[in-house]
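Take a look at the structure below.
Numbering (the working numbering), first residue to last: 19 to 635.
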C-alpha cells in the first residue's frame, strides 16, 4: 500500500483567530458545488500493452513542481485508533480543536485514571486555557457536530452541508431508519473485527447509492469510477506463505486473511451483512427483490432470492470481491502531521509549557498504546529521575532552563500529537504506476517531459534489487521491469560471471547496450541507486539462493533474466503478474566474461532487453 501525504498549508487569520488548514476542499479555497480535479495537467492514458493504462503528463514539469493535487478521494476512512485519538473533519480530514481538547481526546483512551490521581497532570490541563492557547496560536477550527450528534464533526458549515447532502453520511446517518442504523452497526462491527477494508467498501456502496438515489446517476455510471483500477478477486490475493510464524503458532494453521478459504468465509459474511443494510425498501424506496416477497434477505431466502435490475449489477458477490481486491492493490495510506506540533515546537514561548511535560509524556504514551504508568527506562537518569521531569521541576522552582533542556522540550513537542492516519482510493494517485526509479511524489522528483508517464515508488526504493522484487511480488503481485531494475539486473548478471567492467564509464556503456537505454539515463539511474541505497556498495545486489538456477550452478537466477527480457516501465495498477518474454524460446544470456568480452555480452543482453519495446527517449 502506498503512502500519500496530504498537502496541508497552515495559514493564520486575524490576530487571536484559530488556525485553519487551507487545502483543496476547504471553505477558503472552494466554492460550493465545485470540486477540485487532479487531472488539470495529467491524464489517464494507454501506455503500452504490457503496462496498460497509467498517468501521463499533459505538459512538462520541472523538478519540484506539484504535478497534481489529489486531495479528494473517491472513498476514504480514518483508521479506528487514529479516530479515537484525534478530531478530524468528516469531509476533508482537517484537524480540529485546540491543543487541550486534542490532548483530552487522546487521554479519553487512558483507562488507568492517571489524570484523576495525579495533580501535576490536572495542573497541566488547567494551564492550557482557551485564552492562553488562543494567544499562543494553538487552536484550529472549532468542531461542528453532525445534526444527528453521531460523533462525526466538521471544520465548517459548508463541509457539514456537503457531507450531509452529497456523501455516504447522508444515507448512513441523516436519512437512516432505525433498521438501517442497526444493520450498519452490525456490518461495521464485523468489519472492525475482520478487515478494515470492509468498512471502506461499505462506505463506497453507500456513496454509490447516494449518487444514484440523490444525484440521479445510473448504477453503471456511479459504479464506474470504482472499476477503473486494476483489481483481482479479494480471496485470490490470499497468500499463506507470508504468515509470520508467531501468528501461525498463535492462531493455528487457519489464519482467515491468509487463506483463500478463510477469505471466502469472511467475504460471504461481510456481503450478507452489507445486503441487510442496503437491500431494503427504506433505503432504495422500492423492493429490490424480483419475487416481490417483501424485503427479503439472500441468507434467509436460502440463496434463491433474485435481485431486481438495476440493483443486481451492484449487489453481486463478484463486484464486492473485486472492489475489495482493488483496495488491497491500489489503496493509498493517508498520513499527515498535526499542524499544532510544529506551532508548539517553534513557539518562542515554549518554555511556558514546561509544567505540562508530564501531561505531554502521558498523552504520547497513550497515543502509542503504551501503558500509562510505564516509564521508558532509556529516559531515566541514575537517580531515577527522567530529564523531562527534572525540566518541569526546574521551571516550577524558577530555575532557568539549560539549552539541553530546551531542546528536550522542543523534541517532545515536535511529535506530541499523533498524525492523521487512514486509507483511501484516489482518482490520480491510485492510477499512478510503479517504478523503482520514480519521477514523482505528488511533486516532480526530476524534470518530466510532456507525454511522459508519471511514476511513483510503491515501496522503499532504498532496498536492493532482490528485496524490491520480493516486496512488489508479495504485496502487489507483479514483477517490476522498470529501467532501474533492468539496469541493476544487468550489473548483477555481469558481476556473477566476473565480467563487470572496472571503469564506471565502460560499465555504463555496456549496460546501455544491454538495456537499450541512453548512457546518460543509465548514469542517472546508477547515481540515483547509489544515493538512496542502504548498502555501501551499490553493486552489492546478489540474488538470494532461492533465486538461483535449479541446477545449483552459478548461473544467475530466472528472475534476473526475466527482467532483461521485459522492457518498459513495469508495474502499477495496470501492470500485474509476470511479464512475458519477447520471443518464445529466447536463450538466456551467456555471460562468459573474458571469452565473450563485454561487447559480446552487451550485444546478447541487448537482443533480450529490447524485445518488448523499452522506454522511449
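Even for Gly, the Cβ is constructed at its ideal location relative to N, Cα and C.
Label residue i either buried or exposed according to how many other C-beta atoms from any shown protein chain fall within 10 Å of its C-beta, with 16 as the threshold for buried.
{"i": "residue 364", "result": "exposed"}
{"i": "residue 135", "result": "exposed"}
{"i": "residue 334", "result": "exposed"}
{"i": "residue 306", "result": "buried"}
{"i": "residue 207", "result": "exposed"}
{"i": "residue 156", "result": "buried"}
{"i": "residue 148", "result": "exposed"}
{"i": "residue 494", "result": "buried"}
{"i": "residue 395", "result": "Note that residue 395 has pLDDT 41, beneath the 50 cutoff, so the model's placement of it is unreliable and no number is given."}
{"i": "residue 546", "result": "buried"}
{"i": "residue 2", "result": "Nothing can be reported for residue 2: it is not among the residues displayed for the chain, which extend from 19 to 635."}
{"i": "residue 444", "result": "buried"}
{"i": "residue 385", "result": "buried"}
{"i": "residue 536", "result": "exposed"}
{"i": "residue 222", "result": "buried"}
{"i": "residue 238", "result": "exposed"}
{"i": "residue 229", "result": "buried"}
{"i": "residue 183", "result": "exposed"}
{"i": "residue 420", "result": "exposed"}
{"i": "residue 103", "result": "buried"}
Does DSSP classify residue i as helix, strand or coil?
{"i": "residue 65", "result": "strand"}
{"i": "residue 250", "result": "coil"}
{"i": "residue 472", "result": "coil"}
{"i": "residue 7", "result": "Because the chain here runs from 19 to 635, residue 7 falls outside it and cannot be looked at."}
{"i": "residue 164", "result": "coil"}
{"i": "residue 500", "result": "coil"}
{"i": "residue 226", "result": "helix"}
{"i": "residue 70", "result": "strand"}
{"i": "residue 134", "result": "helix"}
{"i": "residue 194", "result": "coil"}
{"i": "residue 105", "result": "coil"}
{"i": "residue 129", "result": "coil"}
{"i": "residue 85", "result": "coil"}
{"i": "residue 235", "result": "coil"}
{"i": "residue 308", "result": "coil"}
{"i": "residue 275", "result": "helix"}
{"i": "residue 5", "result": "With the chain covering only 19 through 635, there is no way to say anything about residue 5."}
{"i": "residue 396", "result": "Here residue 396 scores only 39 on pLDDT, less than 50, and its place in the model should not be relied on; the value that follows carries that caveat. If DSSP states are grouped into helix, strand and coil, residue 396 belongs with the helices."}
Relative to the alpha-carbon of residue i, which residue among the options has its alpha-carbon at the smallest distance?
{"i": "residue 431", "options": "461, 468, 379, 462", "result": "379"}
{"i": "residue 533", "options": "470, 509, 277, 174", "result": "509"}
{"i": "residue 489", "options": "476, 501, 100", "result": "476"}
{"i": "residue 522", "options": "79, 543, 503, 470", "result": "543"}
{"i": "residue 462", "options": "81, 75, 60", "result": "81"}
{"i": "residue 177", "options": "204, 112, 146", "result": "112"}
{"i": "residue 481", "options": "294, 147, 549", "result": "549"}
{"i": "residue 150", "options": "334, 327, 224, 371", "result": "371"}
{"i": "residue 109", "options": "276, 120, 174", "result": "174"}
{"i": "residue 327", "options": "350, 297, 343, 347", "result": "297"}
{"i": "residue 195", "options": "210, 214, 216, 166", "result": "166"}
{"i": "residue 650", "options": "61, 65, 469, 339", "result": "Here the chain comprises residues numbered 19 to 635, so residue 650 is not present and cannot be evaluated."}
{"i": "residue 94", "options": "331, 283, 441", "result": "441"}
{"i": "residue 383", "options": "421, 436, 331", "result": "436"}
{"i": "residue 325", "options": "468, 162, 433, 302", "result": "302"}
{"i": "residue 282", "options": "367, 254, 420", "result": "254"}
{"i": "residue 101", "options": "169, 164, 144, 78", "result": "169"}
{"i": "residue 278", "options": "252, 99, 525", "result": "252"}
{"i": "residue 62", "options": "525, 473, 540", "result": "473"}
{"i": "residue 353", "options": "219, 96, 210", "result": "96"}
{"i": "residue 438", "options": "469, 517, 355, 497", "result": "355"}
{"i": "residue 466", "options": "72, 71, 83", "result": "83"}
Tell me the DSSP bridge mates of residue i?
{"i": "residue 123", "result": "Bridge partners of residue 123: none, in fact."}
{"i": "residue 75", "result": "60"}
{"i": "residue 637", "result": "Since the first residue of the chain shown is 19 and the last is 635, residue 637 is not available in this structure."}
{"i": "residue 431", "result": "Partner(s): none; residue 431 has no beta bridge."}
{"i": "residue 466", "result": "79"}
{"i": "residue 438", "result": "354"}
{"i": "residue 116", "result": "157"}
Determine, for residue i, whether the minimum Cβ-Cβ distance to residues of chain C falls below 8 Å.
{"i": "residue 490", "result": "Going by chain labels, chain C is absent from the structure shown, which holds only one protein chain."}
Which runs of the beta strand (DSSP E) fall wholly inside the stretch 325-383 and span at least 3 residues, in chain order? The stretch 325-383 contains these whole beta strand (DSSP E) runs: 350-354.
As an exercise, report each continuous alpha helix (DSSP H) stretch of at least 4 residues that is fully enclosed by the stretch 139-185, in chain order. Given a length threshold of 4 residues, each whole run of the alpha helix (DSSP H) inside the stretch 139-185 is given here in chain order: 148-153, 175-184.
Mind pulling the alpha helix (DSSP H) runs of 4 or more residues that sit fully within the stretch 488-554? Correct list: 501-514, 522-533, 537-550.
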